[in-house]
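Engineer: After the structure tokens below, expect a handful of questions from me.
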Amino acid sequence: MKRTYLGEFEEIVLLAVAVLNGQAYGVLLMHEIIEQTDRSVRLNQVHSALQRLEEKGMVRSEMGEPTNERGGRRKRLFSVTAFGQRTLQEIQEVRAGFWERMANPLKLTMSI
Amino acid sequence: MHHKPPRLADRFLQFFCAPHLLEEVQGDLHEEFEYQVERVGARRARWRYWRDVLGFFQPRYIKRKPSQYPQTYSYSLIMIRNYFKIALRSLQRNKVYTSINLLGLSLGMTCGLLIFLLVKYHLSFDNFHAHSDRIYRIVTEQHRDNISYVSAVPSPLGKVFRNDYTFAEKVGRICTFEDMLISIKAEKGLNKFKEPQGVAFTEPEYFAIFNFPLSVGSFQNVLNEPNTGIITERVARKYFGNANPINQIFRVDNKLDIRVTGVLKDLPTNSDQKAEIFVSYPTLKSYNDWLGSDDAWGGIQSSMKCFVRLRPGVSPSEVEKVFPAYVKRYRPTSKNVHHYKLQPFNDVHFNAQYGGAMNKQTLWILSLIGLFLIITACVNFINLATAQALNRSKEVGVRKVLGSLRGQLFWQFIAQTGLIATIAGGIALGLAALALPYVNQWFATEISLNLLSDWRLVMFIPALILIVTFFAGSYPGLILAGFQPILALKGKLSQQNIGGFNTRRALIVVQFSISQVLIIGMIVIARQIYYAQKADLGFNKDAIMLLPIASTPQQAKTVKAQLQSLAGVEQVSLCYSAPASNGHWQTAPHYDNHSEEESFRVSVRAADNDYLSTFDLQLAAGRNLYPSDTVKEFLVNETFAKKLNVASPSDLLGKNLRVNGNMTGPIVGVVKDFHDHSFHEDINPVCIPSASDFYNNYAVKISTANVPATMAAVEKTWSKMHPDQIYEYTFLDEHIASFYETEALMLKLIQLFSLIAVFIGCLGLYGLISFMAAQKTKEIGIRKVLGSSLAQILWIFGKEFARLIVVAFLVAAPIAWWFMNQWLQDFKFHITIQPWIFVVTIAITLLVATLTVIYEATKAALVNPVKSLKSE
């Protein structure tokens, strides 16, 4: 496939950025991911993933306004670029295609 | 309560995190911290904070954002050539400054290098034996009213231990007698050799434990039969030239004829095995009947060593548990209770208690001194270089305007320092090579400076140069590279821009404290040695020659008579040893009709009736011995009386005394106390019987007129009577001086170190004065305009230095007093540390300091104020 490769964790971070809709930043993303996936995530992993996504051009970022709660430090707010959105959609389509072609999808859910 | 994240973690984060990422990362971390405080409490939140901070410690967050400006390429050949050219020019321009730096650095590096060689040499001792972690030496603690430590054991112990237990793979006994006479039949007469390292009676298993390979023969068939032996290649060449040494005969001590059955490769110099002649152990019985027998449990001869290699997995404490049974079986009644211990082999060279050659602690102290000397040399370099930095401000300004970056300027200065350090390293290598023979002589070592074969040395020198370069060059480099180009070009930089004055002061104080401690130490040691050699010992030690007795008691008497008849010989005595000697022939006395032996021990100084007159010993009571060849009567000293708690020495007269088992007789006289050992020891109880079997020396008192002729006559007489011996003699005063060899060596070392320390301290002073002179140019100008005299201006400098040296002295005096007092405790008879020593010390220091600063200070004071005030 010709789209840029996206790691599993990167995909989750990208999805979380999309969900938070322009309000996404490090700690918030981490908490969101912990809540949704129930796995232990560390701050530096999130930051690294965000940096990689930005290098790949899937998110863009800008510094927010200073707030009181973090000692006056600004947040870096992330939002998904058009390229990022298209990538997410492509992934979704590929997976949906596989699911449809599966012979007996119900059996899988039954066996859980 | 509001909680804060751990400050140290925050500081660390700020240190490593790239600035353009810091804000968001730190913000996120703080937000998370507050959240975690709510969730899990402050304490655990702190831990998590640390963990999170460390999580960010990776290249992605550490790497700085690249500069947006283009960079000049600083490692081009032209630039590097330019660096060196400028470096050479600036070194040439400041010749004094360069030579002081070179001198200081090369001196420091020479000491560092020599100390490195010495430490390496000692650490490499006996490191070539297999399984050396399982090798032990059996040693003895002798428990009487005090404990003494001997590195030897009763001779049968090794044998019974080998037969009774399976702990050891190998047990090897070796009994070394030093200073042996070896004679070899030549075509005409005898070739005689004195072997100071001696002859070792050795079991073959010794060579199974230690790795000393044979070059001719095999260990299966050497050292088994009596009267056979092996020698090293070196000794073989010395004795037999190029002839085949196998089956040649050599004679030991005019007693034993030994046939050579094998030749060892030369022993490595870094081994404590010094004797090079090994004779089979069964031969020992015919050399010393008692020592070679299987029941010599009664005492310990210090030459008798026993080494074991334990089986794998056997612990030494397990083995030590079986030894007390031997003491119970073989020495049931002795008041001298032996405790046999296993001394690990790698401790042998370093444990002074058991006669180790070099204390590990000494090695550490030496290393520290070396490090200190290098550091102070570097510190002086830093001082001088920063004081000089202003002179180069224009250059820095121009370079910066032309596009140099800080880093490049910094590296340029490092290159210059590297140049100096490399030259200094070269000089140091040369100096070390020159000084090495002296070091070897002083420390009795065989160190060689071999650059080709010694990779550690080859690594050490460049490493030292590199470290010195960076340590000495970094700080001035940073200062230099940090100049603002505009200020630098306008000449508006002042000394305020280049670093703290107080740091320099502190450094000077430290340097001079150390110098003064060393000077005080030097004076005290010199005084103590002088005292030990000049004090009244209780006997006369001048113009007395000691010659060995190497014949039967009857012949000795003849020799004595012949010596006595020589012109210039005043008196001759046959004796076991001189009144003061290092030998320890001590035994527990039976006094009068006491049923048990006394708890103290008495030194036996067997001698004939001329002993008192030869050595000018004084009688306190009674009379001298009557002439006799066997023990008939005793003289004792006053300490003997004191130990017995007898009120007056004369009460001892007529009482019976029995020593050494079988020597018995009445006490007929009491001599006044004399120092029977070095000043390290108290005066021991002494008894003097006549016993011609035990005489070792002719003590010949000669008149001080025409000494060479008398000495020649004495030699002729002695040699005629002992044709198969080598003539040798010592003067008693030299013999006594040799008690203090360690102290004399220490004196030499401390003289050297204090000289170097004072010198380096002066370099530091010189750096400070140049710095001060530059800083106070304007002040001096104004003062002169307002009418100060030369003396007043000199006092500005003098005040500063006098203060520093007095502070240094206040630090040094108590430290030195404490250390030297500790040192003097080694002596039972010692000087007291008197106030004048301190006065002399500070006077010397002040004098040297004045000489150092006077030139620069006068130069600064004589500058025309018009010049110093006009420049701006």
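Protein chains in written order, with numbering that gives the first Met the number 0: chain A, 0 to 111; chain B, 0 to 871. Glycine included, every Cβ here is placed at the ideal spot set by N, Cα and C. Computed from a prediction, not measured in an experiment: that's the story for all the values here.
#1: Return the CA-CA distance between Lys-641/B and Thr-613/B, expressed in angstroms with no decimal places.
#2: Rank Leu-762/B, Ala-848/B, Thr-840/B, Ile-843/B by C-alpha distance to the C-alpha of Phe-800/B and give the top, closest one.
#3: My assumption, with CB atoms under 8 Å, is that Ile-181/B sits in contact with Leu-189/B. Please give the rounded CB distance.
#4: Buried or exposed for Ser-150/B, please, with buried defined as at least 16 other CB atoms from any protein chain shown within 10 angstroms of its CB.
#5: Rounded to whole angstroms, how far is the Cβ of Val-635/B from the Cβ of Ile-682/B, which I believe are closer than 8 Å?
#6: Which residues does DSSP pair with Thr-586/B in a beta bridge?
#7: Quick check on Arg-42/B - is its C-beta less than 8 Å from some C-beta in chain A?
#8: Determine which residues share a DSSP beta bridge with Phe-730/B and list them.
#9: Given Ala-44/B, which residues of its chain have a CB within under 6 Å of its CB, disregarding the five upstream and five downstream residues?
#10: By how many angstroms is the C-alpha of Thr-80/A removed from the C-alpha of Met-0/A?
#11: Could you work out which residue in Val-400/B, Pro-225/B, Ser-292/B, Lys-304/B is closest to Thr-175/B when comparing CA atoms only?
#12: Kindly indicate the opening and closing residues of the alpha helix (DSSP H) around Ile-90/A.
#13: State the Cα-Cα distance for the pair Asp-9/B and His-29/B, rounded to the nearest angstrom.
#14: DSSP puts Arg-308/B in a beta bridge; with which residues?
#15: Mark Thr-851/B as exposed unless 16 or more other C-beta atoms lie within 10 angstroms of its C-beta, in which case mark it buried.
#16: What is the C-beta distance between Asn-350/B and Gln-342/B, in whole angstroms, given that I count them as a contact (C-beta under 8 Å)?
#17: Do the region 254 to 265 of chain B and the region 224 to 238 of chain B make contact, defined as three or more Cβ pairs closer than 8 Å?
#18: Could you say if the region 99 to 116 of chain B and the region 278 to 297 of chain B meet the contact criterion of at least three C-beta pairs nearer than 8 Å?
#19: Using a Cβ-Cβ cutoff of 7 Å, what residues of the region 52 to 66 of chain B are near chain A? List them in chain order.
#20: Any C-beta of chain B sitting closer than 8 Å to the C-beta of Glu-9/A?
#21: Beta-carbon within less than 7 Å of Ser-110/A's beta-carbon, same chain only, minus the 5 sequence neighbours each way: which residues are those?
#22: Quick one, are the C-beta atoms of Ala-86/B and Gln-415/B less than 8 Å apart?
#23: Which residues in chain B sit within 7 Å of Val-26/A, going by Cβ to Cβ distance?
#24: Bridge partners of Val-669/B, per DSSP?
#25: Count the other C-beta atoms from every protein chain shown that fall within 10 angstroms of the C-beta of Gly-402/B, then say buried if there are 16 or more, exposed otherwise.
#26: From Tyr-120/B to Val-24/B, what does the alpha carbon distance come to, in whole angstroms?
#27: Within a Cβ cutoff of 7 Å, which residues of the same chain sit near Val-757/B, ignoring the five residues on either side of it in sequence?
#28: With C-beta atoms as the reference, is Tyr-96/B less than 8 Å away from Gln-387/B?
#29: If you run the structure through DSSP and keep just helix, strand and coil, what is Ala-711/B?
#30: Could you give the first and the last residue of the continuous alpha helix (DSSP H) run that contains Pro-864/B?
#31: Please identify the residue among Val-516/B, Val-810/B, Lys-191/B whose C-alpha is closest to the C-alpha of Pro-722/B.
#32: Going by alpha carbons, who is nearest to Thr-629/B out of Ser-691/B, Lys-540/B, Val-806/B, Ser-75/B?
#33: Note the first and the last residue of the continuous beta strand (DSSP E) segment covering Ser-182/B.
#34: For a contact defined as C-beta to C-beta under 7 Å, what are the partners of Asn-67/A on chain B?
#35: Output the distance between the C-alpha atoms of Gly-425/B and Ala-434/B, rounded to the nearest integer angstrom.
#36: Quick check on Ala-242/B: buried or exposed, where buried means 16 or more other Cβ atoms within 10 Å of its Cβ?
Structural biologist: Result, derived from the coordinates:
#1: Here residue 641/B corresponds to residue number 642 of the second sequence, with the count starting at 1. Here residue 613/B corresponds to residue number 614 of the second sequence, with the count starting at 1. Looking at the two C-alpha atoms, the distance is approximately 26 Å.
#2: Along the second sequence, read from residue 1 onward, the residue named residue 800/B stands at position 801. For Phe-800/B, the nearest C-alpha among the options comes from Ala-848/B.
#3: Locating residue 181/B in the second sequence gives position 182, where the first residue counts as 1. Locating residue 189/B in the second sequence gives position 190, where the first residue counts as 1. Actually they do not touch by this definition, with Cβ atoms about 10 Å apart.
#4: Here residue 150/B is taken as the residue at index 151 of the second sequence, counted from 1. By the neighbour-count rule (16 or more Cβ atoms within 10 Å), Ser-150/B is buried.
#5: Residue mapping note: residue 635/B aligns to position 636 of the second sequence, counting from 1. Residue mapping note: residue 682/B aligns to position 683 of the second sequence, counting from 1. Incorrect: roughly 12 Å between the Cβ atoms, too far for contact.
#6: Position 587 of the second sequence, counted from the start, is the residue given in the question as residue 586/B. Per DSSP, Val-601/B.
#7: To locate residue 42/B, count along the second sequence from 1; it is residue 43. No, Arg-42/B does not count as interfacial toward chain A.
#8: In the second sequence, residue 730/B corresponds to position 731, counting from 1. According to DSSP, Phe-730/B bridges with Met-544/B.
#9: Translated into positions along the second sequence, residue 44/B becomes position 45. Taken in chain order, the residues that qualify are Phe-32, Gln-35, Val-36.
#10: The sequence position of residue 0/A within the first sequence is 1, counting from 1. The sequence position of residue 80/A within the first sequence is 81, counting from 1. Residue placement at Met-0/A is flagged as unreliable, the pLDDT there being 45, under the threshold of 50; a coordinate-derived value is accordingly withheld.
#11: For this step, residue 175/B is matched to residue 176 along the second sequence. Checked all of Val-400/B, Pro-225/B, Ser-292/B, Lys-304/B; the closest Cα to Thr-175/B is Lys-304/B.
#12: By 1-based counting over the first sequence, the position of residue 90/A is 91. First-last of the alpha helix (DSSP H) with Ile-90/A: 81 to 100.
#13: Walking along the second sequence from the start, residue 9/B turns up at place 10. Walking along the second sequence from the start, residue 29/B turns up at place 30. Each residue's Cα considered, the two are about 10 Å apart.
#14: Walking along the second sequence from the start, residue 308/B turns up at place 309. Its beta-bridge partners are Ile-134/B, Lys-169/B.
#15: Within the second sequence, residue 851/B is the residue found at index 852, counting from 1. Classification for Thr-851/B: buried.
#16: Taking the second sequence and counting its residues from 1, the one referred to as residue 350/B is at position 351. Taking the second sequence and counting its residues from 1, the one referred to as residue 342/B is at position 343. Asn-350/B to Gln-342/B, Cβ: 7 Å. Contact.
#17: yes
#18: no
#19: Gly-54, Phe-55, Arg-59
#20: Translated into the one-based positions of the first sequence, residue 9/A becomes position 10. No, because no Cβ of chain B sits closer than 8 Å to the Cβ of Glu-9/A.
#21: Along the first sequence, one-based indexing puts residue 110/A at 111. Unreliable positioning characterises Ser-110/A in this predicted model, as indicated by a pLDDT of 46, which lies under 50. A coordinate reading is not provided.
#22: Locating residue 86/B in the second sequence gives position 87, where the first residue counts as 1. Locating residue 415/B in the second sequence gives position 416, where the first residue counts as 1. Yes, these two residues count as a Cβ contact at 8 Å.
#23: The residue given as residue 26/A occupies position 27 in the first sequence. Residues of chain B passing the Cβ test: Asp-27, Glu-30, Glu-31.
#24: What you label residue 669/B is simply residue 670 of the second sequence in a count that begins at 1. BP columns for Val-669/B point to Ala-620/B, Val-635/B.
#25: The count along the second sequence starts at 1 and reaches residue 402/B at position 403. Exposed.
#26: Looking up residue 120/B in the second sequence gives position 121. Looking up residue 24/B in the second sequence gives position 25. Those two C-alpha atoms are separated by around 54 Å.
#27: Residue 757/B sits at position 758 when you count from the first residue of the second sequence. Cβ neighbours of Val-757/B beyond the five flanking positions: Ser-514, Val-847.
#28: Position 97 of the second sequence, counting from 1, holds the residue named residue 96/B. Position 388 of the second sequence, counting from 1, holds the residue named residue 387/B. Contact flag set, yes.
#29: Here the question's residue 711/B lines up with position 712 in the second sequence. In this structure, Ala-711/B counts as helix in the three-state DSSP scheme.
#30: Residue mapping note: residue 864/B aligns to position 865 of the second sequence, counting from 1. It spans 864 to 869 - the alpha helix (DSSP H) in which Pro-864/B sits, taken as one unbroken run.
#31: Position 723 of the second sequence, counted from the first residue, corresponds to residue 722/B. Out of Val-516/B, Val-810/B, Lys-191/B, Lys-191/B has the C-alpha closest to the C-alpha of Pro-722/B.
#32: Within the second sequence, numbered from 1, the residue matching residue 629/B stands at position 630. Taking only the C-alpha atoms, the option nearest Thr-629/B is Ser-691/B.
#33: Here residue 182/B refers to the residue found at position 183 when the second sequence is read from its first residue. 179 to 184 is the span of the beta strand (DSSP E), which, as asked, contains Ser-182/B.
#34: Counted from its first residue, the first sequence places residue 67/A at position 68. Simply none; closest approach about 11 Å.
#35: Position 426 of the second sequence, counting from 1, holds the residue named residue 425/B. Position 435 of the second sequence, counting from 1, holds the residue named residue 434/B. Taking the straight line joining both Cα atoms gives about 14 Å.
#36: Translated into positions along the second sequence, residue 242/B becomes position 243. Burial call: exposed.
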